[in-house]
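One structure is given below, encoded as structure tokens.
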Amino acid sequence: MMRSKRLALVAGTAVAAAWLATAPATLAVEPVETAMFESAVASGSLPPVAERVPANPVVVDLSADGKTAGQPGGEITWLARRSRDIRIMNVYGYARLVGYTPDFQLAPDLLEAIEVEEGRIFTMHLRPGHRWSDGVPFTTEDFRYLWFDIAQNEELKPFGPDVRLLVNGEPPVVEIIDETTVRYTWLAPNPEFLPALAGARPMYIYAPAHYLRQFNAAYTDPEDLAAAAEAAGARNWAAMHTRLGNLYEASNIDLPVLQPWVNRTAPPSERFIFERNPYYHRIDEAGHQLPYIDRVIVNISDSSLIPAKTGAGESDLQARSLRFDNITFLKEGESRNDYTVHLWPTALGAEIALYPNLNADDPVWRELNRDVRFRRALSLAINRDEINAVIYFGLATPSNNTALPNSPFYDAERAQRWATLDIEQANALLDEMGLSDRNGDGIRLLPNGRPLDVIVETAGERTVEVDVLELIRDTWREIGVALYTNTSQRDVFRTRVFSGEIAMSVWFGMDNALFTPDSVPSELAPVDQNWLQYPKWGQYVQTAGDAGEPPDMDFGVRLMELYDGWRTSIDPDEKAAIITEMLDIQADQVTSIGILQGVLQPVVVSNRLHNVPVDGIYSWDPGAHFGLYRPDTFWLSE
Amino acid sequence: MLGYIARRILIMIPTLVAISAVSFVIIQLPPGDFLTTMINEQLSRGENADMNQVELLRRTYGLDRPLVVQYFSWLFGILQGDFGYSFEHELPVSDIVGDRVFLTIVLTAATTIFIWIVAFPIGIYSATHQYSWGDYGLTFLGFIGLATPNFLLALVLLYFANVQFGISIGGLMDPTYIDQPMSVGKFVSVLQHLWVPVIVIGTSGTAAMIRRLRANLLDELQKQYYITALAKGLPTRRALLKYPLRMSLNPFIADIGSILPELLSGSIIVSVVLDLQTTGPILLRALQSQDMFLAGSFVLLLAVMTVIGVLLSDLALAMLDPRIRMGGGATK
Amino acid sequence: MTTAARGSKKPSDIDHYVNSADWNPAIVETLTAKQEEYYLASQWKIMWWKLQRHRLAMICGAILAFFYASVGFVEVLAPYNLTTRHLTHIYAPPQRIHLVHEGRFVGPFTYGYGFQLNLDTMQREYTIDTQDVQKIRILCRGDPYEFWGAIPARFHLFCPAENGTLFVFGTDRLGRDMLSRMIYAGRISLSVGLIGISVSFLLGIMVGGLAGYYGGWVDNVVNRIIEIFQSFPQLPLWMALSAALPANWSPILIYFGITIILGLVDWTSLARAVRSKLLSLREEDFCTAAQLMGASPRRIIGRHLMPSFMSHLIASATISIPGMILGETALSFLNLGLRPPVTSLGVLLKEAQNINVVALYPWLMMPVVPVILIVLAFQFLGDGLRDAADPYR
């Protein structure tokens with residue numbers, strides 16, 4: 000229906016996605032039955048594969064991604080540090096309505112197609128014949144159920160729907176057009192909608208209605224429900240519904256899913272077995288239904304033992320809980336235990352960054368931190384090359400907290416701005432500020448006569464932070480700044496930064512520095528109290544002015560303007576220009592002092608496992624870690 | 000005797016109630032609650048937490064109620080056999096704990112036996128050869144386990160067990176046997192994995208046992224009856240084995256009661272390092288994430304075991320020692 | 000002599016000689032000088048004699064005395080400062096000390112290291128350069144420090160050759176000399192034990208004394224509290240207390256906080272011992288005598304009762320110290336212990352608690368040796384003291 004209109008509307012939208020390569024009528028590939036299901040199909044307990052996959056499955060072009068066609072079968076194991084982490088299987092599985100491709104473009108996946116008009120009208124088309132892992136059709140009823148029976152239910156969502164579904168506080172209009180077509184319409188553009196659907200932890204706008212209705216008071220007798228809730232140890236039916244209906248956690252083995260692998264082990268356990276989803280919607284060009292791998296086993300192990308176990312060959316695909324300093328150990332076991340260590344750069348803007356708190360309570364420190372010369376001087380007086388050599392074998396990239404080289408917004412000059420060692424200039428900047436008096440130890444004196452003792456607070460979880468600070472201490476001393484480290488705990492650390500008690504803190508840099516024009520630049524603007532350089536500005540924006548302080552420095556105001564401009568813009572060029580300007584402001588103002596980026600994440604891959612890229616990017620969102628590279632295409636050789 | 004037991008049990012009740020209250024408060028003592036722990040954890044991995052969702056969870060878990068209310072609802076739940084709900088595991092507490100108790104008992108029993116086998120001969124030898132180099136040497140051996148920080152010893156043994164014998168790292172069995180029914184292979188696998196924790200936990204317990212056995216035996220050896228026995232010409236060996244040794248066995252009996260909670264809580268750190276499927280790591284995680292019903296129930300369980308253990312060993316001692324037994328009979 | 004008095008003949012029947020000299024009853028049983036010394040010796044002196052019989056305890060005592068004496072001079076004993084880094088010698092293995100170079104005696108020296116980064120294995124590789132003889136200097140000028148926090152000095156017991164290196168126990172991830180770090184860390188760990196035990200000792204004596212002295216309901220309450228404390232698993236108690244230490248405390252305050260926590264967890268057994276001793280000694284004759292003479296209860300406790308079991312208390316305290324030192328390492332393991340830059344043996348062990356160290360840098364586990372030494376020494380000394388303090392042995 001309305002095919003011509005659909006095609007016409009695609010152009011000029013943020014997501015240039017329409018049809019997948021193969022249309023249902025021209026399905027060239029005949030699905031092949033998987034060995035694991037042959038007996039079930041023969042006995043009639045499972046329909047044949049042609050009836051299980053959607054009428055127009057995704058036919059994966061493996062060679063396009065530099066992958067090879069594989070053979071189905073086998074099982075792999077990886078290690079998680081606690082049983083809650085089995086949810087990561089739904090991150091690695093990465094079946095999303097729309098998802099990122101390895102070059103970070105959004106493309107339909109579960110959806111057959113999506114059209115976006117004016118950045119505010121989203122029309123989604125499901126695949127006819129697509130089924131949940133229990134064989135029940137996946138239709139727009141599942142969208143209807145979530146929006147009308149969950150998101151708007153007072154008991155299930157007393158605080159209303161997910162905030163990413165609200166634009167200026169207004170919910171969308173949801174129209175169920177037919178069994179495979181659903182439309183979300185807002186009054187203004189919602190640029191966060193598609194990235195949220197494609198997230199590592201996605202926003203779910205559908206739920207298995209046929210399964211969940213039995214737990215919903217609108218469909219089931221309240222008395223039976225109350226009894227069931229009590230038996231399940233839940234406070235009421237709503238709590239039970241929320242817990243049993245959580246598509247992300249993978250803890251309810253009865254919950255139908257759309258992911259490549261389905262959990263078959265009920266918690267608590269130390270070993271979770273995920274089996275292939277017989278109704279998965281992707282096949283390869285030879286007709287093999289994906290995923291190739293029959294079973295994925297998640298063994299639970301203490302995080303401190305995971306490197307040891309991985310090095311002993313007890314994991315086939317491991318990146319979680321491995322750190323840079325494990326590389327030497329892991330490399331040593333490569334030949335003995337038949338695996339290879341790939342090194343993927345992480346997507347953090349900076350592995351370690353110092354955050355001068357512009358909202359510090361202490362007036363002296365607030366004034367100091369707010370002087371851009373002070374921030375620049377501190378950044379200039381860091382020997383990033385030495386830190387790189389000592390801690391990262393020289394394999395990271397000295398840089399401030401900014402976009403990564405893989406991002407179209409990367410600018411080599413900007414990455415080095417105020418981030419190269421220059422003691423002389425740093426001293427000159429501090430002198431210019433009027434901090435030229437020094438005490439007997441050569442430490443500069445503040446206007447109130449106290450020495451310039453910078454106390455940097457750490458959350459006390461990464462020894463590398465303390466080590467880096469030790470190295471920084473030496474060069475800061477050369478500019479007359481004394482550095483002291485105070486180790487705290489994460490809870491306390493955050494509260495104290497938020498309230499302004501801490502003048503300088505150290506933490507990771509930006510979580511996602513792989514900026515594309517579509518990525519929400521929320522980390523570049525003071526919109527969240529978790530941005531440790533201006534927590535109170537963030538509080539102000541988050542609470543719509545109820546708490547915190549409004550941005551009261553020029554660049555802060557400008558960043559907010561740019562951010563709001565980005566949100567309302569539907570022009571990719573304008574969006575790109577905005578992000579560039581925001582990155583420039585951040586680098587120029589040195590709001591955070593980044594040290595290094597592109598630190599390598601060890602990724603241990605069994606030599607039997609194929610199609611795992613050698614050079615990947617280890618990114619949570621966008622990326623979903625392995626999800627970006629589609630583990631359903633990974634296969635095992637004998 | 001019965002009256003004695005009844006009185007002891009009555010005294011236990013206020014103690015246990017006090018312990019339950021104290022443990023509840025203590026778990027709350029560090030700043031924040033389970034949800035802040037959870038949010039922080041998610042933030043550090045880039046998973047953003049929806050604050051509304053968190054508020055909803057806080058209500059669902061009842062964390063918005065005053066502490067006193069939370070405590071009493073938990074306490075009354077326990078009286079009805081309901082230990083509450085674990086936030087982290089999203090399961091009733093009893094489901095989580097129950098699963099691991101069996102392996103904990105296996106480990107504890109193996110460790111206790113190990114301690115006895117090591118401590119018994121060393122204790123006797125060093126008492127009968129006081130201040131000899133043999134005494135010093137053996138006591139030294141027995142004490143070295145106490146002096147070595149457990150967590151490091153555990154890691155080193157773990158690594159060498161893997162490199163030398165190819166035993167999978169950590170756990171109490173090869174991962175493939177988890178959740179499988181008991182079989183010969185599983186049994187062998189458990190045995191292979193058991194010796195590292197048994198040695199690590201056991202060696203730290205032998206020292207105390209050696210010392211007590213030695214001290215008790217030394218006391219007995221100075222008593223008249225022993226000297227008389229020797230004077231009457233009883234062979235030293237027989238005189239020793241027949242009387243003083245039996246008396247000095249008291250610590251072993253006294254320990255049957257106290258060893259259980261001691262090993263359970265004393266071995267937590269080792270269990271964490273070795274990633275054993277026992278109760279220890281769960282307790283530690285629950286404490287760290289302030290999963291308070293789980294942690295609280297655990298602490299209470301350990302306390303109950305201690306109290307009952309002490310009671311049991313008192314009773315056992317009474318049965319064994321005629322003096323106490325007679326005295327006990329008289330009060331009846 | 001009594002048998003003589005009971006003789007069958009009546010005394011009046013016998014001629015007998017009566018010595019006019021004053022009768023000295025002590026003359027019957029003459030004490031040798033040694034015996035006399037023994038009977039007149041103070042309790043402490045007897046203890047000391049008995050302790051001397053326990054050879055191992057004496058050796059351990061000497062070791063501990065040496066350790067504690069060195070606490071005051073760590074800056075001099077350590078060849079480097081706590082934080083001196085050698086960025087060209089990261090994870091350098093221990094350097095052997097040689098005496099003879101190519102058949103010629105040169106005195107203690109080390110061979111220098113050649114260094115190369117292997118990016119295939121991601122390892123720093125060190126080769127011994129047998130041409131580079133670096134003679135260790137004795138009583139020399141090295142890293143500057145402030146002695147006792149006041150006097151600037153550069154004097155060290157021994158230091159590396161000029162422009163040379165001396166890493167007897169290797170270096171850590173920032174190229175810091177492990178030996179120096181251990182010496183500095185030992186100072187903290189040794190003092191943790193002492194401060195902790197003082198806290199527990201004071202608490203134990205006060206609370207136990209209170210219970211034993213007042214008896215009645217006070218005794219009952221104290222007993223219940225002790226019982227609760229003792230049935231309570233130690234780990235949660237530790238965790239809660241240390242997590243409750245304000246996070247904005249400076250590392251030094253945290254250090255005191257931790258030692259006090261260690262003491263707080265430990266006091267109950269001492270209190271119990273004090274209480275039961277007090278209760279039983281109260282019934283002794285010498286106590287009744289003092290009471291009859293009108294001594295105040297305070298005087299009785301302080302003057303008569305306490306000294307009679309102080310030796311015993313000190314012995315039990317000695318045995319508790321190693322528990323504190325190990326407790327500190329356990330807290331460090333749980334990330335609840337001392338915080339950098341305060342460095343204790345526990346902090347060093349925590350840093351060594353990872354598979355990289357076990358597999359690649361085993362010399363970082365060296366701090367376990369002083370921990371074992373200290374703990375064992377305290378154990379044996381404590382055992383010896385207790386045997387010596389026991390009046391019946």
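So the sequence lines, in the order shown, correspond to chains A, R and G.
The numbering of the first sequence is numbering that gives the first Met the number 0, which starts it at 0 and goes up by one.
The numbering of the second sequence is numbering that gives the first Met the number 0, which starts it at 0 and goes up by one.
The numbering of the third sequence is numbering that gives the first Met the number 0, which starts it at 0 and goes up by one.
Positions of the beta carbon are idealized from the N, C-alpha and C atoms, including for glycine.
Small disclaimer: the values here were computed from a predicted structure and weren't measured.
>> By DSSP's criteria, A:Leu-599 is part of a beta bridge. Which residues make up the other side?
In response: Its beta-bridge partners are A:Pro-344.
> Going by the CB atoms, is the gap between A:Pro-516 and A:Ile-578 shorter than 8 angstroms?
Replying inline: A contact, by the Cβ cut-off of 8 angstroms.
>> What residue range does the alpha helix (DSSP H) around A:Ser-504 cover?
In response: Per DSSP, A:Ser-504 is not a residue of any alpha helix (DSSP H); the beta strand (DSSP E) it occupies stretches across 503-506.
>> So with CB distances below 7 angstroms, who are the chain A contacts of R:Phe-174?
In response: According to the sequence shown, residue 174 of chain R is Pro rather than Phe. What R:Pro-174 touches in chain A: Arg-270 and Asn-298.
> Do you know whose CA, among R:Ser-203, R:Val-269 and R:Asp-63, lies nearest R:Ile-143's CA?
Replying inline: Of the listed residues, the one whose Cα sits closest to R:Ile-143 is R:Ser-203.
>> Going by DSSP in three states, A:Pro-362 sits in which element: helix, strand or coil?
In response: Three-state DSSP puts A:Pro-362 in a helix.
> A:Gly-433: buried (16+ other C-beta within 10 angstroms of its C-beta) or exposed?
Replying inline: Exposed, by the Cβ-count rule.
> Taking 8 angstroms as the CB-CB cut-off, is G:Phe-231 touching chain R?
Replying inline: True, the Cβ-Cβ gap to chain R drops below 8 angstroms.
> Quick one: does R:Phe-150 have its CB under 8 angstroms from some CB of chain G?
Replying inline: R:Phe-150 has a beta carbon lying within less than 8 angstroms of a beta carbon in chain G.
> In its own chain, which residues sit with a C-beta less than 6 angstroms from the C-beta of A:Leu-125, not counting the 5 before and 5 after it?
Replying inline: For A:Leu-125, where only same-chain residues beyond five positions count, the Cβ hits under 6 angstroms are Thr-179.
> So which of G:Tyr-110, G:Gly-203 and G:Ile-89 has the shortest CA-CA distance to G:Leu-116?
Replying inline: Of G:Tyr-110, G:Gly-203 and G:Ile-89, the residue nearest in Cα terms is G:Ile-89.
> Checking contacts by CB at 8 angstroms: is R:Tyr-84 closer than that to chain A?
Replying inline: Residue contact check for R:Tyr-84 against chain A: a CB pair falls below 8 angstroms.
>> The beta strand (DSSP E) that contains R:Ile-26, what's its start and end?
In response: First-last for R:Ile-26: 1-27, but that is the alpha helix (DSSP H), not the beta strand (DSSP E).
> Which value, in whole angstroms, describes the spacing of the CA atoms of A:Ala-318 and A:Tyr-291?
Replying inline: Cα to Cα, A:Ala-318 sits roughly 20 angstroms from A:Tyr-291.
> Quick one: Cα of A:Asn-245 to Cα of A:Ala-199, how far?
Replying inline: If I take the Cα positions, the gap works out to 15 angstroms.
> Secondary structure at A:Asn-387, three-state DSSP: helix, strand or coil?
Replying inline: Helix.
>> Distance check for A:Tyr-628 and A:Leu-6, CA to CA, integer angstroms please.
In response: Low confidence applies to A:Leu-6: its pLDDT is 33, below 50, so where it sits in the model is not reliable, and the reading given next is rough at best. Answer to the nearest angstrom: the Cα atoms are 28 angstroms apart.
> Closest to A:Thr-327 by CA distance: which of G:Met-121, G:Tyr-254 and G:Pro-339 is it?
Replying inline: Ranked by how close their Cα comes to the Cα of A:Thr-327, the residues G:Met-121, G:Tyr-254 and G:Pro-339 have G:Met-121 in first place.
>> I'd like to confirm the pairing. Which residues does DSSP put opposite A:Arg-607 in its beta bridges?
In response: Answer is none; A:Arg-607 lacks a bridge partner.
> With 16 as the cutoff for other CB atoms within 10 Å, does G:Val-105 come out buried or exposed?
Replying inline: Counting Cβ neighbours within 10 Å, G:Val-105 comes out exposed, since fewer than 16 surround it.
>> Looking at the strands, I want to know which residues DSSP matches up with A:Ala-653.
In response: Lying outside 0 to 637, the shown extent of chain A, residue 653 of chain A is not represented and no answer is given.
>> Under 8 angstroms, Cβ to Cβ, is there at least one residue of chain G near R:Ile-25?
In response: It does: the Cβ of R:Ile-25 has a partner Cβ on chain G nearer than 8 angstroms.
>> Pull the bridge partners of G:Lys-134 from the DSSP assignment, please.
In response: The secondary-structure analysis by DSSP pairs G:Lys-134 across a beta bridge with G:Phe-108.
> What does G:Gln-122 reach in chain R if we use C-beta pairs closer than 9 angstroms?
Replying inline: Going along chain R, no residue has its Cβ under 9 angstroms from G:Gln-122, so there is no contact; the nearest lies around 18 angstroms.
> Is the shortest distance between the beta-carbon of A:Ala-307 and the beta-carbons of chain R less than 8 angstroms?
Replying inline: True, the Cβ-Cβ gap to chain R drops below 8 angstroms.
> Looking only at its own chain, which residues have a Cβ that is under 6 angstroms from the Cβ of A:Ala-20, when we skip the five neighbours before and after it?
Replying inline: Residue placement at A:Ala-20 cannot be trusted, given a pLDDT of 36 that sits under 50; what the coordinates show is reported in the next sentence. Same-chain partners within the cutoff: there are none.
>> Need the endpoints of the beta strand (DSSP E) that A:Glu-274 sits in, please.
In response: For A:Glu-274, the enclosing beta strand (DSSP E) has its first and last residue at 270-275.
> Secondary structure at G:Tyr-37, three-state DSSP: helix, strand or coil?
Replying inline: Helix, per DSSP.
> Does the stretch 97-115 of chain R come within contact of the stretch 100-115 of chain A, defined as at least 3 CB pairs closer than 8 angstroms?
Replying inline: Segments in contact, no.
> By Cβ distance below 6 angstroms, which residues in the same chain neighbour A:Met-35 in space, the five residues on each side in sequence not counted?
Replying inline: A distance below 6 angstroms between beta-carbons, with the five flanking residues on each side excluded, links A:Met-35 to the following residues of its chain, in chain order: Asp-293.
> How long is the line joining the alpha carbons of R:Leu-299 and A:Leu-257, rounded to whole angstroms?
Replying inline: When rounded, the separation of the alpha-carbon atoms in R:Leu-299 and A:Leu-257 is 43 angstroms.
> Does the distance from the CB of G:Pro-78 to the CB of G:Leu-165 come in under 8 angstroms?
Replying inline: Between G:Pro-78 and G:Leu-165, the CB-CB gap stays under 8 angstroms.
> Between the beta-carbon of A:Ala-380 and the beta-carbon of A:Glu-477, is there less than 8 angstroms?
Replying inline: Less than 8 angstroms separates the beta-carbon of A:Ala-380 from that of A:Glu-477.
>> If we define contact as Cβ-Cβ less than 8 angstroms, is R:Leu-34 a contact residue for chain A?
In response: The Cβ of R:Leu-34 sits no closer than 8 angstroms to any Cβ of chain A.
> From A:Glu-350 to A:Val-467, what distance separates their C-alpha atoms?
Replying inline: When rounded, the distance between both Cα atoms is 11 angstroms.
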